Amino acid sequence: MSEQSLSVREAIIGRRSIKKFNGQPVDREDLMQIIDDAVWAPNHQNREPWRLVVACGKELFDLHELLRNMAIPKWKELTEETLEKQMQKFTTPGAYVFVIVPEDVRQKQRLEDYAAASIFIQNIQLLAWDYGIGACWKTPDFLDAPAFREALGVKQGERIISMLQLGYFDDLPKAAERKKAKEIVTIFGQLENNEEE
Ligand SMILES: Cc1cc2nc3c(=O)[nH]c(=O)nc-3n(C[C@H](O)[C@H](O)[C@H](O)COP(=O)(O)O)c2cc1C
């Protein structure tokens with residue numbers, strides 16, 4: 035485990051989505067500890083509406099093959115060099131976490147569960163950040179493809195909501211601007227916000 039110990043604020047405002055990893059492996063024990071801590075996300079009625087499929091270590095090779103087949107269906111037509119280049123975004127993360135939520139037939143519960151699982155995912159990202167591990171929540175179209183769902187053992191009534199890539203990185207991406215509180219807040223009872231200031 036790393037020595038880092040960020041404040042909550044430092045982790046929230048310092049975290050960036052990492053899309054370029056350096057290929058360094060992620061320790062399975064670190065990842066399991068991160069998940070053990072992330073489950074403390076709020077969730078209605080303690081439904082804990084998530085389960086995970088994780089790849090970290092030797093199982094990554096089989097996952098790469100699956101990702102190649104899903105993301106680059108015509109991979110056989112590519113040169114080895116082009117394929118390797120296109121596969122870099124899949125082969126450089128040190129770990130993958132696929133987050134699966136139940137799709138409750140009741141809309142309120144379904145939305146609550148999606149919200150809770152999203153908080154859980156952000157917990158993973160923030161805890162990983164404290165280990166010096168970057169992450170990116172990705173939603174490629176193939177998450178809903180029957181062949182991909184089958185390969186991950188996703189059952190009817192479940193949905194994969196995130197392909198979370200995790201790993202070490204060399205460069206910190208620049209932050210995208212965020213709106214200030216003043217721009218997004220309306221004070222209760224004031225229909226015209228901010229304008230006369
Ligand atoms: C629900 C969700 C889906 C996302 N899907 C993708 C994705 O498919 N590909 C990607 O590169 N980034 C994806 N992202 C990451 C965003 O691009 C990233 O959070 C955004 O650019 C803000 O950057 P930051 O996280 O560094 O602040 C996703 C983020 C969320 C919350």
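When we follow my numbering, the leftmost residue of the sequence shown carries the number 35, and every step to the right adds one. From the three backbone atoms N, C-alpha and C, an ideal C-beta is built for every residue, glycine too. Quick caveat, the model's predicted, so the values are computed rather than measured.
| Query | Result |
| --- | --- |
| Taking 8 Å as the cut-off, is the beta-carbon of W171 closer than that to any non-hydrogen atom of ligand 1? | yes |
| Suppose you measure from the CA of Q159 to the CA of M66; what does that come to, to the nearest Å? | 13 Å |
| Between R183 and ligand 1, is there a pair consisting of the residue's CB and a ligand heavy atom that are separated by less than 8 Å? | no |
| Please list, in chain order, all residues of the same chain as D71 whose beta carbon is under 6 Å from its beta carbon, the five residues on each side excluded. | L161 |
| Just curious, the beta strand (DSSP E) that Y202 is in, first and last residue? | Unbroken run through Y202: none, as it is neither H nor E. |
| Should K53 be listed as close to ligand 1, given that the test is whether its C-beta is under 8 Å from any heavy atom? | yes |
| Nearer than 8 Å: is that true of the beta carbon of P76 relative to any heavy atom of ligand 3? | For the structure depicted, ligand 3 is absent and the ligand set comprises only ligand 1. |
| Quick one: complete beta strand (DSSP E) runs, 3+ long, within the region 75-101? | 85-90 |
| E111 by DSSP, collapsed to three states: which one? | helix |
| Identify which residue in E146, G128, D204 has its Cα closest to the Cα of E63. | G128 |
| Could you pull out every residue in the same chain whose Cβ sits closer than 6 Å to the Cβ of A89, ignoring the five residues on either side in sequence? | L97, Y130 |
| So within the region 142-205, which uninterrupted beta strand (DSSP E) runs reach at least 3 residues, ignoring any that extend past its ends? | 168-172, 192-201 |
| Among G91, E82, I167, which has the Cα closest to the Cα of S39? | I167 |
| Cβ of A105 within 8 Å of any heavy atom in ligand 1? | no |
| Measure the C-alpha to C-alpha separation of Y148 and K92 and round it to an integer number of angstroms. | 30 Å |
| Going by DSSP, what residue range makes up the alpha helix (DSSP H) through V42? | 42-48 |
| Please determine, among R140, L94, D205, the residue with the shortest C-alpha to C-alpha distance to T125. | L94 |
| Suppose you measure from the CA of N103 to the CA of L112; what does that come to, to the nearest Å? | 13 Å |
| What does the alpha-carbon distance come out to for the pair V135 and Q122? | 28 Å |
| If we call anything under 9 Å between Cβ atoms a contact, is Q58 one with Y202? | yes |
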